[in-house]
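Chemist: Numbering (our numbering), first residue to last: 7 to 537.
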Amino acid sequence: MPNGVEQQAEIEEGSDHREISVAEFFEKNKHLLGFENAQKSIITVIKEAVDNSLDACEEDEILPEIHVLIDEIGDDKCRVEIRDNAIGLDRETIPKVFGKLLYGSKFHKLQQSRGQQGIGISASAMYAQLTTGEPVTVWSKQEGEPCHRFVVRIDTEENEPEIIEDEVIDEDSDEFPGDKDYYFDHGTTIEMDIEAKYTKGHHSVRNYLKHTAIMNPYARIVLREPSGNKIEYPRVSKELPEKPKEIKPHLHGVELGVVMRMVESSSARTVSSFLQQEFTRVGRTSAQEICDEAGVDDGRRPNTLEKDEIEQILNAAERVKLQSPPTDCLSPIGEDLVLKGLKKELNPEFSTAITRKPTVYKGNPFVVEVGLAWGGDIEEEGSFDELRYANKVPLLYKKSACVTTKAIEEVDWSRYNISQSGGRPQGPLYVLVHIASVWVPFTSEGKEAVANYDDIRKEMRLALQEAGRKLGRYIGRKERQKIQEKKKRKLTSYAKEMAPAIAQLAGEGDEEEMENKIQKLVERDYNPEQL
Ligand SMILES: Nc1ncnc2c1ncn2[C@@H]1O[C@H](COP(=O)(O)OP(=O)(O)OP(=O)(O)O)[C@@H](O)[C@H]1O
Ligand SMILES: [Mg+2]
7 MPNGVEQQAE IEEGSDHREI SVAEFFEKNK HLLGFENAQK SIITVIKEAV
57 DNSLDACEED EILPEIHVLI DEIGDDKCRV EIRDNAIGLD RETIPKVFGK
107 LLYGSKFHKL QQSRGQQGIG ISASAMYAQL TTGEPVTVWS KQEGEPCHRF
157 VVRIDTEENE PEIIEDEVID EDSDEFPGDK DYYFDHGTTI EMDIEAKYTK
207 GHHSVRNYLK HTAIMNPYAR IVLREPSGNK IEYPRVSKEL PEKPKEIKPH
257 LHGVELGVVM RMVESSSART VSSFLQQEFT RVGRTSAQEI CDEAGVDDGR
307 RPNTLEKDEI EQILNAAERV KLQSPPTDCL SPIGEDLVLK GLKKELNPEF
357 STAITRKPTV YKGNPFVVEV GLAWGGDIEE EGSFDELRYA NKVPLLYKKS
407 ACVTTKAIEE VDWSRYNISQ SGGRPQGPLY VLVHIASVWV PFTSEGKEAV
457 ANYDDIRKEM RLALQEAGRK LGRYIGRKER QKIQEKKKRK LTSYAKEMAP
507 AIAQLAGEGD EEEMENKIQK LVERDYNPEQ L
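(1) Can you tell me whether G126 sits near ligand 2, meaning its C-beta is under 7 Å from at least one heavy atom of the ligand?
(2) Alpha carbon to alpha carbon, how far is V399 from Q135? Give it in angstroms, no decimals.
(3) Roughly how many angstroms lie between the CA atoms of K236 and V446, to the nearest whole one?
(4) Mapping the DSSP letters down to three states, classify Q329 as helix, strand or coil.
(5) Please look up how many angstroms separate the CB atoms of Y422 and G340, rounded, as I've assumed it's under 8 Å.
(6) Tell me whether N165 counts as near ligand 1, meaning its Cβ is closer than 7 Å to at least one heavy atom of that ligand.
(7) Helix or strand or just coil, what does DSSP make of R421?
(8) Tell me which same chain residues have a C-beta within less than 7 Å of the C-beta of E252, skipping the five on either side of it?
(9) Suppose you measure from the CA of Q487 to the CA of P354; what does that come to, to the nearest Å?
(10) Under the three-state reduction of DSSP, which class applies to L511: helix, strand or coil?
(11) Using DSSP with H/G/I as helix, E/B as strand and the rest coil, what is M7?
(12) Kindly indicate which three-state DSSP category C84 falls into: helix, strand or coil?
(13) Can you tell me whether Y500 is helix, strand or coil according to DSSP?
(14) Look up D90 in the DSSP assignment and give the residues it is bridged to.
(15) Considering R226, what are the terminal residues of the beta strand (DSSP E) in which it resides?
(16) Would you call the CB atoms of T138 and D81 closer than 8 Å?
(17) Taking the Cβ atom as the reference point for each residue, do A507 and E521 lie within a distance shorter than 8 Å?
(18) Does D391 come out as helix, strand or coil in the three-state DSSP assignment?
(19) Out of E168, K112 and K203, point me to the one whose CA is closest to I79's CA.
(20) V174 by DSSP, collapsed to three states: which one?
(21) What separation, rounded to the nearest whole angstrom, lies between the Cα atoms of N458 and W145?
(22) Please report the distance separating the alpha-carbon of P247 from that of L378.
(23) Less than 8 Å separating the beta-carbons of V51 and P101?
(24) In terms of alpha-carbon separation, which member of N43, G429, I384 and E415 lies closest to H209?
(25) Indicate whether H258 and T286 have their beta-carbon atoms separated by less than 8 Å.
(26) To the nearest angstrom, how far is it from the Cα of C63 to the Cα of N222?
(27) If you check the beta carbons only, do I196 and I76 fall under 8 Å apart?
(28) What residues are listed by DSSP as bridge partners for M198?
(29) Cβ-heavy atom distance between T194 and ligand 1 below 7 Å?
(30) Express the C-alpha separation of I227 and Y239 in angstroms, rounding to a whole number.
(31) Go ahead and pull the three-state DSSP assignment for E517.
(32) So is the beta-carbon of G40 under 7 Å away from any non-hydrogen atom of ligand 2?
(33) At which residue ranges does the stretch 235 to 299 contain complete beta strand (DSSP E) runs of 3 or more residues, listed in the order of the chain?
(34) Do P250 and S337 count as a contact pair if the criterion is CB distance below 8 Å?
(35) In chain order, what residues of the same chain lie with their CB nearer than 6 Å to the CB of L229, ignoring the 5 residues before and after it?
(36) Secondary structure at L39, three-state DSSP: helix, strand or coil?
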């Protein structure tokens with residue numbers, strides 16, 4: 007009979023079972039991350055890089071300057087280059103950021119940011135490698151430091167970076183990224199060759215950048231299209247939104263398994279101090295109340311808690327009154343910037359914006375902002391469109407699955423003088439909806455649509471109704487003015503005809519004077535401006 011080791015070896019030899027690395031999984035399932043086809047993939051690659059650049063700039067309170075350069079290098083192949091003026095990455099971090107999936111600085115933080123998962127840019131590098139066989143090239147420079155250039159490939163079986171080139175670049179050398187027009191003192195440049203289709207229209211790089219420019223009006227973004235055409239999305243505000251703070255989880259939003267892990271690794275000596283240290287809004291009194299309610303001794307060591315006891319603590323926390331989590335972990339852009347963004351990119355006749363007060367879904371703070379842009383240049387662009395955002399990132403796909411669309415459909419737009427068809431408003435109207443949260447509940451890893459949670463949809467509907475009332479008042483006034491103008495014109499044209507007859511009836515000889523008097527009366531009583 008074989009011993010244990012021999013038995014194991016036999017099983018492994020004859021078995022089809024193998025471990026699968028996360029990189030192998032996503033290489034096969036790249037559609038889950040937004041790489042379904044060549045048209046969408048170029049948007050995804052640029053979106054992942056631009057999101058990171060904006061996050062990195064805001065983290066260090068730098069006004070963002072981002073350049074996106076695209077060249078066609080073959081049939082359905084493009085070289086894309088994204089440069090930013092953020093703080094840059096250090097030498098040790100660069101290979102892992104671009105050559106290892108699920109590696110990042112944001113996943114473990116409860117703080118509003120565009121990125122969450124630590125997979126966006128490495129998955130883009132993997133897509134490049136998969137479709138053109140080319141590794142990613144990265145230049146990164148921190149202030150006062152030399153510029154590092156790396157060429158990195160992902161070893162998909164191991165999900166580890168494979169460094170092909172690693173050098174320090176002299177600023178005057180020809181290899182320094184790009185022409186001096188684009189030179190930044192600090193920042194990161196990424197270059198990738200990818201299978202791509204550069205198109206125009208709703209699902210395009212241009213539209214993604216235009217939407218980004220609306221929600222990030224403090225950024226300057228430049229796009230160079232494959233034709234050489236340059237488009238600038240200018241900066242119209244020098245003020246960055248307030249930087250979000252990191253918070254701890256709230257007891258109303260954590261799962262049992264997570265707390266089981268937390269009790270194992272916590273340095274707290276008692277259950278009471280564990281609850282106070284690891285969770286937001288738990289003080290000594292509420293910790294005691296929770297433990298009493300759960301029937302657990304608050305002086306016990308946390309790692310002695312059984313699964314059932316943790317469950318009792320979580321249930322008790324639902325019954326004990328806890329303050330909502332603090333909301334300084336959020337960074338909405340505010341009504342003023344929403345208006346600036348809409349005006350600069352859409353040039354509407356009327357625009358209005360609402361930023362709601364922060365609130366909570368499943369223990370996670372969130373805030374909703376909406377904007378309405380009506381008339382002006384939008385008349386030419388089309389009838390109605392949605393501008394959907396999550397943490398300032400445009401969402402271009404999966405509209406019908408998104409809570410924003412559901413909220414728009416819940417509003418009775420006809421009450422605001424806007425015609426409606428199939429539950430949707432008609433143009434010339436653009437409706438902007440933004441959710442900012444420490445954890446946006448996306449419907450999938452591709453981060454394309456936000457889940458339809460009641461609390462979130464309600465906030466969106468209330469904000470839309472508030473903004474709708476303002477737009478309704480504007481349109482109503484405009485319509486009344488039109489009617490008044492028409493009446494005024496009609497009466498003015500009668501004044502000349504009626505003046506002689508009225509002058510005669512009134513026994514006044516001067517017809518011209520009578521005409522002037524009638525005209526003055528019309529002006530006084532039918533002035534559209536006074537409505
Ligand atoms: N241009 C950049 N400047 C500075 N740091 C960057 C830049 N790009 C990426 N990083 C760092 O690399 C990490 C990994 O980026 P990646 O896009 O893969 O994940 P993420 O942004 O954390 O989350 P997500 O997968 O949701 O995008 C980031 O967390 C950030 O710390
Ligand atoms: Mg990212």
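Cβ atoms here follow ideal geometry from the backbone N, Cα and C, with glycine treated the same way.
The structure displayed is predicted, hence computed values, not measured ones.
Modeler: The answer reads as follows:
(1) Yes; taking the cut-off as 7 Å, the Cβ of G126 has a heavy atom of ligand 2 nearer than that.
(2) Q135 and V399: Cα-Cα distance of roughly 26 Å.
(3) Rounded to the nearest angstrom, the two C-alpha atoms are 33 Å apart.
(4) It is coil, neither helix nor strand.
(5) Actually they do not touch by this definition, with Cβ atoms about 23 Å apart.
(6) Every heavy atom of ligand 1 is 7 Å or more from the Cβ of N165, so no.
(7) Helix, per DSSP.
(8) The answer, listed in chain order, is K115, L116, Q117 and C335.
(9) Taking the straight line joining both Cα atoms gives about 19 Å.
(10) If DSSP states are grouped into helix, strand and coil, L511 belongs with the helices.
(11) Residue confidence is low: M7 scores 44 on pLDDT, short of 50, so the model does not pin down where it sits. Its coordinate-derived value is still stated next. Of the three classes helix, strand and coil, the one that applies to M7 here is coil, per DSSP.
(12) The DSSP-derived three-state label of C84 is strand.
(13) The three-state secondary structure of Y500, taken from DSSP, is helix.
(14) Partner residues in the beta bridge of D90, as assigned by DSSP, are I72.
(15) It spans R226 to R230 - the beta strand (DSSP E) in which R226 sits, taken as one unbroken run.
(16) Between T138 and D81, the C-beta gap is not smaller than 8 Å, which leaves the two residues out of contact.
(17) No. Outside cutoff.
(18) D391 sits in a strand when the DSSP states are folded into three classes.
(19) Of the listed residues, the one whose Cα sits closest to I79 is K203.
(20) V174 carries a strand assignment under DSSP once its states are collapsed to helix, strand and coil.
(21) Those two C-alpha atoms are separated by around 40 Å.
(22) Cα to Cα, P247 sits roughly 20 Å from L378.
(23) No, these two residues do not count as a Cβ contact at 8 Å.
(24) Shortest Cα-Cα distance from H209 to any of N43, G429, I384 and E415 involves N43.
(25) For the pair H258 and T286, the CB atoms are not nearer than the 8 Å cut-off.
(26) Taking the straight line from one Cα to the other gives about 12 Å.
(27) It is not a contact, given that the beta carbons lie outside the stated cut-off.
(28) The bridge partners DSSP lists for M198 are V86.
(29) For ligand 1, a non-hydrogen atom lies closer than 7 Å to the CB of T194.
(30) The alpha-carbon of Y239 is positioned some 5 Å away from that of I227.
(31) Note: E517 maps to helix in three-state DSSP.
(32) In this structure, G40 has its beta carbon at no less than 7 Å from each heavy atom of ligand 2.
(33) 236 to 239, all fully within the stretch 235 to 299.
(34) Between S337 and P250, the C-beta spacing is below 8 Å.
(35) V74, L215 and I237.
(36) In the structure shown, L39 sits in a helix (DSSP, three-state: H, G or I).
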